[in-house]
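Report on one structure; see the data block that follows.
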Amino acid sequence: MAQFAVIGLGRFGVTVAETLTQKGAEVIAIDNDEKKVEEVRSFVTNPICLDSTDEQALKAANINNVDAVILAIGENKEVSILTAAILRKIGVGRIIAKVDSVLHARILKIMGVQKTIFPEQYVGREIANLLVSQHIFTYMEISKDHSLVEITVPTFFLGKSLKELEIRNIYNIGIIAIKSSKPTVDEDGNNIVKEETNVIPSADDVLNEGDKILVVGKKVDIDKLIKMSEKKIRKK
Ligand code: ATP
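Structural data, given as structure tokens:
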């Protein structure tokens with residue numbers, strides 16, 4: 181079973197701990213404020229109250245073998261940096277840290293922290309990406325350059341199979357699922373719309389009006405496709 185440690189139980193840390201638990205992972209949750217530790221006691225695997233700048237206390241918490249430590253102390257940079265240094269020293273392999281400035285991120289990166297997250301910037305970017313197009317329904321950043329989006333099928337894709345469209349060759353993207361809504365009648369004779377998801381569609385699957393597609397690829401290529409799609413709609 182995957183095992184993680186979350187240090188710092190503010191809103192960010194608690195959300196991470198909660199989500200990891202819901203996904204079936206074991207979570208060691210740490211804060212130096214007993215009240216914060218109490219708040220997560222009912223759902224995490226191991227709640228511990230300790231000061232993360234205390235090397236002996238962190239060592240005793242047995243967190244050096246977890247899959248990753250999420251360092252969720254952002255505001256107090258000194259504590260964050262000191263804790264990161266101790267985590268590296270006691271042999272924690274993967275550290276993901278919340279930061280609140282570019283400089284903070286840079287220092288942690290130099291110290292060997294693998295990933296830094298600036299929550300406000302991250303959410304801001306995702307929301308902006310969602311807002312720029314009325315055709316994007318869900319958006320997820322996979323890496324700096326890649327994303328996963330759910331969009332309505334561009335009109336010039338309609339009635340064509342994935343093979344005919346040569347999606348990968350021409351558009352340099354992958355379609356990993358097709359979502360369709362089919363009008364049908366339920367057991368009581370009511371007209372309903374049934375949602376179906378075709379995950380990893382075959383080359384012969386055809387895209388129809390009203391379908392949505394889950395697209396993965398480079399952000400530039402996905403943006404290009406969305407722009408082409410919007411231009412055609414405006415011309416109509
Ligand atoms: P958020 O924005 O996630 O709500 P926050 O505003 O509470 O966080 P942060 O400074 O990022 O502010 O603190 C996150 C948590 O880290 C707090 O619950 C705090 O008690 C805890 N914390 C601060 N210093 C230490 C420490 N030395 N050891 C352990 N936990 C600490």
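The sequence shown runs contiguously to residue 416 in the working numbering.
Where a beta carbon is used, it is the ideal one built from N, C-alpha and C, also for glycine.
Please read these numbers as outputs of a predicted model, since none were measured by experiment.
- For the ligand ATP, no non-hydrogen atom lies closer than 7 Å to the CB of S222.
- Between I356 and I380, the C-beta gap is smaller than 8 Å, which places the two residues in contact.
- With a cutoff of 8 Å on beta-carbon distance, V207 and V186 are scored as near each other.
- Annotation for K359: T377, K392 place their beta carbon closer than 6 Å to its own, counting only its chain and skipping 5 residues before and after.
- The beta carbon of T233 sits closer than 8 Å to the beta carbons of V259, L262, T263, I266 from its chain, once the five residues preceding and following it are set aside; these are given in chain order.
- Boundaries of the beta strand (DSSP E) around I358: 353-365.
- Listed in chain order, the non-local C-beta contacts of V333 below 6 Å within the same chain comprise L387, D391, I393, local neighbours out to five positions each way being set aside.
- Nearest C-alpha to V279 among I270, D231, V272, V293: V293.
- By the neighbour-count criterion, in which a residue is buried when 16 or more other Cβ atoms sit within 10 angstroms of its Cβ, L342 is buried.
- With contacts defined as CB atoms closer than 8 Å, V329 and I350 fail to qualify as a contacting pair.
- The ligand ATP has no heavy atom closer than 7 Å to the beta-carbon of V303.
- Short note on L189: C-beta closer than 7 Å to some heavy atom of the ligand ATP.
- The residue among T199, F336, T296 with its C-alpha nearest the C-alpha of I406 is F336.
- With a beta-carbon spacing of about 5 Å, G271 and N244 fall inside the 8 Å limit used to define contacts.
- For L238, the uninterrupted alpha helix (DSSP H) segment begins and ends at 235-240.
- Between V395 and I331, the C-beta spacing is below 8 Å.
- For Q183, the enclosing beta strand (DSSP E) has its first and last residue at 183-187.
- Within the same chain, and ignoring the five residues on either side of D366 in sequence, the residues whose Cβ sits closer than 8 Å to its Cβ are I372.
- Distance from the CA atom of G354 to the CA atom of G397, rounded to whole angstroms, is 6 Å.
- Proximity of the beta carbon of D231 to the ligand ATP is indicated: a heavy atom of the ligand is located closer than 7 Å.
- If you compare the alpha carbons of C229, T201, G273, D211 with that of F223, the shortest gap goes to T201.
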